[in-house]
Amino acid sequence: MGSECMKGGEAVVETLIAHGVDTAFTVPGESFLYALEGMRRNTDKIRVVSVRQEGGGAFMAEAYGKLTGRPAAVFVSRGPGSSNAAIGIHTAMQDSTPMVVFVGHVNSKSMGRESFQEINQHAFFGEVAKAVLSPENTDDIPRAAAEAVRLSTDGRPGPVVVQIPRDVSSMDTDAEIPNPSPRAVHVPDADLIAKAAAMIDTAKAPLVIAGEMISNQNASAELTDFVAAGGLPVMSAYRRLDVMANSHACYAGHLEINRYESQLAAIEACDLVIAVGSRLDGITSADETMLCIGKPLIHIYPDPEILDRFESDMAIDSDMKPALDALRRHLAPPDAQRAARTETLHNDFLAFSQTGNFTAYGDVDLARVIDTMDRLVDQETTIVTDAGSFSRWIHRYRRFERPHTKAGPMSGAMGYSVPGAVGAKLARPDHEVIAFVGDGGFMMTGQELVTAVEQKLPVRIIVCDNAVHGSILAGQDKTFGPGNDIATVLQSPDFAAVARAYGAEAFTVTRTDDFEAAFQKARAAKGPSLVHLITDRRDIAPYGEGREAVH
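In case it helps, my numbering puts the sequence shown at residues 742 to 1292.
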């Protein structure tokens, strides 16, 4: 592309725009003033959201990247800014979400002297981000920014951090802005595909695990065609419930922390695991004990480093669409036994996800809340869930039918949902966004509700308030006996009053029967709105009984 003289920080912004990045989140800092000026001059090309805390901005970028498959940018200052943003960057890494983060650093000559707010970003993010880049001079900035965008989407997506010294950012450059290059396509080895198909055809009880790369690469249709051709049951990886229509005859449930009896039996009985686009994280694989130890494994993923983590029988380095299309063409039709098994597993899922089969202790029954919500919203509605045991009601009872309609942190990071709702609404502005968050999660990042107010984003926040850290309390009870808890019982504020103070409409619900009216009023609000559900601390999760529910 052509070049003109500009400051280094401005060149960052021009490069991002040239490479398709259209959204940035920031807590402004004096160490990247020229990047801010570049954004000010290009507000018609890049949307800039000023957030209240860098962790919230990184969560917004994570939700945006997860739902679009494209990176958003995060601009933060050195020590305080980058360390605050780290929680969202770690979430993006664990979720394989593209993101580009620019850290305004200390002056070049001050680096390595523990200068004011200095952190060695390479050391700090070395195990958290996909890569850390450091342009050494102003002319190198466009190349580094372009490389960050490329790396964030290449192979396994992830967050890329770029450290730019303040003096480098403020110097002139006439370096050319690199042209964007198409993402390299990972095509499967034909011989491996043929061998994998033969393994699938001969298996008596195969099981497909579908993960993050299905969503990232828009491969839901290819996944559906593949499993339908082979009559293969599919379980979605942790928090990846939208990889395919849950109503499809091959869908066999979600690999949550808790598994129901027939799901556990199916996992135990399976004689071949086909992991498609899943890095087989600890919850999906139950720390490997349930799925990968002693069971033949076909693992398809576009990153050799991920494939090398497991002793698979067939490791296929490939993008999802070409691999699934090739496998589908090789598969033989399923026999009657496999078809019947898959049908049984799907029916078991349908029965398990039917509301009314779990009794709540309190006056607010979250199962009925989810059932009411499902009746009122369409399947293109984006559901955002925070970390916390309350989310298991959504995971159990909400049936997802459309891709890119679910966001939540595989990392288990609390505080995701309120900022995540902002990112989700920017990613999918034409669709409703409903975010579920616990009282603990809201207290961590709930101030980003005022960001939604400022941006005029009509997001709906549902606070599930039982005034405890529920799963930790349950663990204390089980380990040390009831009454031996500490630091897990909380004092909740009036969340509806807090939301009104931020400028949002808000409603409080203490009975299940009152939820529908409050929810409809919240949905009718022109701007952000919040529903405060006051739940019973014994209603921790819809599994088991009482506090045993999460174990």
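For every residue, glycine included, the Cβ atom is placed at its ideal position computed from N, Cα and C. If you're wondering where the values come from, they're calculated on a predicted model, not measured in any experiment.
According to DSSP, residues forming a beta bridge with residue i
| i | result |
| --- | --- |
| V841 | A814 and V901 |
| L1167 | For L1167, which the question treats as bridged, DSSP gives no partner whatsoever. |
| Y992 | V975 |
| K1147 | I1124 |
| V1178 | V1204 |
| M1055 | I1039 |
| H846 | P906 |
| F1246 | The sequence given here has Glu at residue 1246, not Phe. Its beta-bridge partners are S1270. |
| F766 | V790 and V815 |
| P947 | L1013 |
| V873 | V902 |
| M747 | T914 |
| I1275 | D1206 |
| V1230 | V1209 |
Host alpha helix (DSSP H) of residue i (start-end)
| i | result |
| --- | --- |
| S1212 | G1211 to F1221 |
| Y775 | L774 to R781 |
| S956 | E953 to N957 |
| H863 | Q862 to F866 |
| V1110 | L1107 to L1117 |
| S791 | No alpha helix (DSSP H) contains S791, which is instead part of the beta strand (DSSP E) from R788 to S791. |
| I1296 | Nothing about residue 1296 can be reported from this structure: the residues present for the chain run from 742 to 1292 only. |
| K1062 | M1061 to H1071 |
| A833 | G820 to D836 |
| A960 | Where A960 is concerned, there is no enclosing alpha helix (DSSP H), given that its DSSP letter is neither H nor E. |
| P883 | I882 to T894 |
| G796 | E795 to T809 |
| D1076 | Where D1076 is concerned, there is no enclosing alpha helix (DSSP H), given that its DSSP letter is neither H nor E. |
| E1195 | L1190 to E1195 |
| I1024 | Unbroken run through I1024: none, as it is neither H nor E. |
| F1256 | F1256 to A1265 |
| E1046 | P1045 to L1048 |
Proximity winner among the options, relative to residue i (alpha-carbon distances)
| i | options | result |
| --- | --- | --- |
| D1022 | A1064, M1151, I1111 and H927 | M1151 |
| Q1004 | L1091, K1036, V1204 and L1214 | L1091 |
| I1015 | D1054, H995, L982 and A1265 | D1054 |
| E803 | T838, G822 and Q794 | T838 |
| H1087 | Y775, E1009, A986 and D1106 | A986 |
| D1212 | A886, A1228, V1200 and I1203 | Looking at the sequence shown, residue 1212 is not Asp but Ser. Taking only the C-alpha atoms, the option nearest S1212 is A1228. |
| A1237 | D1226, C1205, A1215 and D1254 | C1205 |
| G1305 | N783, N1225, P1074 and I1008 | The first residue shown for the chain is 742 and the last is 1292, placing residue 1305 beyond what the model contains. |
| D1294 | I1203, K748 and S893 | A question about residue 1294 goes unanswered here, because the residues of the chain that appear run from 742 up to 1292. |
| H995 | K1219, S1132 and H1210 | S1132 |
| L982 | M1114, I905, S1130 and R1137 | R1137 |
| F816 | V844, G806, I1203 and L808 | V844 |
| F1141 | Y992, A916 and T832 | Y992 |
| G896 | V903, P923, S911 and D915 | P923 |
| A925 | A1266, R891 and V1250 | R891 |
| D1280 | D1127, F1051, K1267 and A1108 | A1108 |
| V1200 | L1231, P1037 and G1268 | G1268 |
| G750 | V768, Q858, D1049 and L777 | L777 |
| L1072 | A969, D1127, S1026 and D1028 | A969 |
Cβ separation of residue i and residue j, assumed to be a contact under 8 angstroms, to the nearest whole Å
| i | j | result |
| --- | --- | --- |
| G779 | V753 | 7 angstroms |
| S956 | H1145 | 6 angstroms |
| Y1157 | F800 | 5 angstroms |
| A951 | A978 | 6 angstroms |
| M1061 | M954 | 5 angstroms |
| V842 | I830 | 6 angstroms |
| V847 | R819 | 6 angstroms |
| V1125 | A1154 | With 8 angstroms as the limit, V1125 and A1154 do not qualify as a contact, their Cβ atoms being about 13 angstroms apart. |
| R793 | V1191 | 7 angstroms |
| T1113 | E1257 | 5 angstroms |
| F1177 | V1159 | Not a contact, Cβ separation roughly 10 angstroms. |
| D913 | C746 | 5 angstroms |
Short CB-CB distance (under 9 angstroms) between residue i and chain C
| i | result |
| --- | --- |
| Q794 | Within the model displayed, chain C is absent; a lone protein chain is all it includes. |
Give a yes or no on contact between the segment 1063 to 1081 and the segment 930 to 941, applying the rule of three or more CB pairs nearer than 8 angstroms.
Flag = yes, the segment 1063 to 1081 and the segment 930 to 941 touch.
Spell out a yes or no on whether the segment 1192 to 1207 and the segment 1150 to 1168 are touching, meaning 3 or more CB-CB pairs, one atom from each, closer than 8 angstroms.
The segment 1192 to 1207, when compared against the segment 1150 to 1168, does touch it at the 8 angstroms Cβ threshold.
Contact between the segment 1170 to 1181 and the segment 990 to 1010 is defined here as three or more beta-carbon pairs at a separation below 8 angstroms; is this criterion met?
With the cut-off at 8 angstroms, the segment 1170 to 1181 and the segment 990 to 1010 do not touch.
Cβ contact check for the segment 1118 to 1127 and the segment 951 to 968: 3 or more pairs under 8 angstroms:
As far as the Cβ criterion goes, the segment 1118 to 1127 does not touch the segment 951 to 968, which means the pair count is below three.
Any contact of the segment 1090 to 1109 with the segment 1265 to 1280, i.e. 3+ C-beta pairs under 8 angstroms?
Yes, the segment 1090 to 1109 is in contact with the segment 1265 to 1280.
For the segment 825 to 834 and the segment 872 to 892, state whether three or more C-beta atom pairs, one from each stretch, are separated by less than 8 angstroms.
As far as the Cβ criterion goes, the segment 825 to 834 does not touch the segment 872 to 892, which means the pair count is below three.
Touch test, the segment 873 to 880 against the segment 781 to 791, Cβ-Cβ under 8 angstroms, three pairs minimum:
With the cut-off at 8 angstroms, the segment 873 to 880 and the segment 781 to 791 do not touch.
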